[in-house]
Amino acid sequence: MTDNSQAPGAATIRIGFKNVLRATWLQRTHRWVKRVPQLRRELVGPGGMHASVYLFAEVKGRMERASLGWILRGWDVARTRGTNKAYSDPAVHRIVEAHSFLLGSTTRQRRRATIVTYEHLATGIRWTVATTHLSSSGGTTSDAAAASRSAEAQTLAQLCAQFGVDVIAADFNNSVVRPGTPRAVLESVGYTDWRSVIAVENVDHDSHYEIGKPNPRSGKHLDGIYLGPRVTALNGRLQVTEPGSSDHLGLVCTVSIIAPAQ
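Mapped onto this note's numbering, the consecutive letters of the sequence shown carry residue numbers 1 to 262.
Structural data, given as structure tokens:
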């Protein structure tokens, strides 16, 4: 699917999110160099995600940046600090501004959010996206991680209000809506879970699973997409074509974004 069909007064945009899982403990069993061809097929191969903006978590070093540069050759990269990265097709979008912010983590993980504003070239409509990877329980307790995610989500919500964020695509490390959870925080300030407005394909798959083993297919989603009031979701899916590329499935969603009110 592409971004070619434009509704009057709206930009049709295809957005992909993927936690690429660059972890040292995988280097013996699922080496990065062997996963890169799978990631390439997942993003741009036949039946792949084919987004015009990709948001990535866990882009930790030169190796990952070089691989993504090879896969998305000639694409623009929002130059921000941290391991959340945004890549965009320069034939479709122009980067207007990009920022990275610490989210006030209460663990040692010091999570960040990347926020990028684009101009959609075919329509001139400007739109803003945020991506992040909230705290996990790695190196800490489940309760401490949950408290950190709650604090991070509050900061994220404030930043989204400040920058007028239209789409949030992220690894929330949170699958349920309960008071204080990231999903509850975002919904309390007006963002809508993409699953509540469209029939997401492959929604029964877990977005996170143990790499190399079958997906549990319990419908547990640590990753998600949230939409602001200017955004209408048109279609979307969990990308299941290359389960060995990471321990997270990719998310891809086509949206329509209207011009802001004058």
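All C-beta atoms in this analysis are idealised placements derived from N, C-alpha and C, irrespective of residue type, glycine included.
Residue span of the beta strand (DSSP E) that contains residue i, given as start and end
{"i": "T131", "result": "R126 to T132"}
{"i": "V252", "result": "G250 to I258"}
Start and end residues, alpha helix (DSSP H) containing residue i
{"i": "K18", "result": "Looking at the DSSP string, K18 is not in any alpha helix (DSSP H); the run it does join, the beta strand (DSSP E), is A10 to N19."}
{"i": "E64", "result": "R62 to I71"}
For residue i, three-class secondary structure by DSSP
{"i": "V33", "result": "helix"}
{"i": "F56", "result": "strand"}
{"i": "G82", "result": "coil"}
{"i": "V167", "result": "strand"}
{"i": "V44", "result": "helix"}
{"i": "G236", "result": "strand"}
Close Cβ partners of residue i (< 7 Å) along its chain, the five nearest in sequence each way excluded
{"i": "N4", "result": "Note on N4: pLDDT 44, under 50, position unreliable in the model; the coordinate value appears next. Excluding sequence neighbours, N4 sits near nothing in its chain."}
{"i": "Y191", "result": "I168, Y226, L227 and G228"}
{"i": "R237", "result": "V200, E201, N202 and V252"}
{"i": "I257", "result": "A10, A11, I13, I125, W127, D166, R230 and V231"}
{"i": "M1", "result": "The predicted position of M1 is uncertain, since its pLDDT is 37 and thus under 50; a value taken from the coordinates is nonetheless stated next. These residues qualify, in order along the chain: R14, H50 and T254."}
{"i": "S88", "result": "S52, V53, W75, D76, I95 and Y118"}
{"i": "R111", "result": "L103, S105, T132, H133, L134, S135 and E152"}
{"i": "M63", "result": "W32"}
{"i": "S218", "result": "D206"}
{"i": "A184", "result": "V177 and R178"}
{"i": "T265", "result": "For residue 265 there is no data in the structure shown, the boundaries of the chain being 1 and 262."}
Proximal residues to residue i (C-beta, below 6 Å), its chain only, five neighbours per side dropped
{"i": "F17", "result": "L55, A169 and L251"}
{"i": "V20", "result": "F56, E58 and S246"}
{"i": "G270", "result": "Lying before the first or after the last residue shown, residue 270 is absent from the chain, which here runs from 1 to 262."}
{"i": "S67", "result": "V36"}
{"i": "G138", "result": "none"}
Residue i CB to nearest heavy atom of the ligand NAD below 7 Å
{"i": "I168", "result": "Looking for the ligand NAD in the displayed structure turns up nothing, as the structure carries no ligands at all."}
Same chain, Cβ closer than 8 Å to residue i, five either side skipped, listed in chain order
{"i": "V240", "result": "N202, H205, N215 and L249"}
{"i": "G212", "result": "T29, H30 and G244"}
Legend entry - beta strand (DSSP E) runs wholly inside the region 84-160, at least 3 long, in chain order: 85-88, 93-102, 112-120 and 126-132
Legend entry - Whole alpha helix (DSSP H) elements within the region 172-232, 4-residue minimum: 182-188
Inset, instruction - Tell me, please, whether the region 237-250 touches the region 29-36 by the rule of three or more beta-carbon pairs shorter than 8 Å. - result: yes
Inset, instruction - Say whether the region 75-86 touches the region 173-191, bearing in mind that this needs 3 or more beta-carbon pairs closer than 8 Å, one atom from each stretch. - result: no
Inset, instruction - Examine the Cβ distances between the region 116-123 and the region 94-106 and report whether three or more of them are shorter than 8 Å. - result: yes
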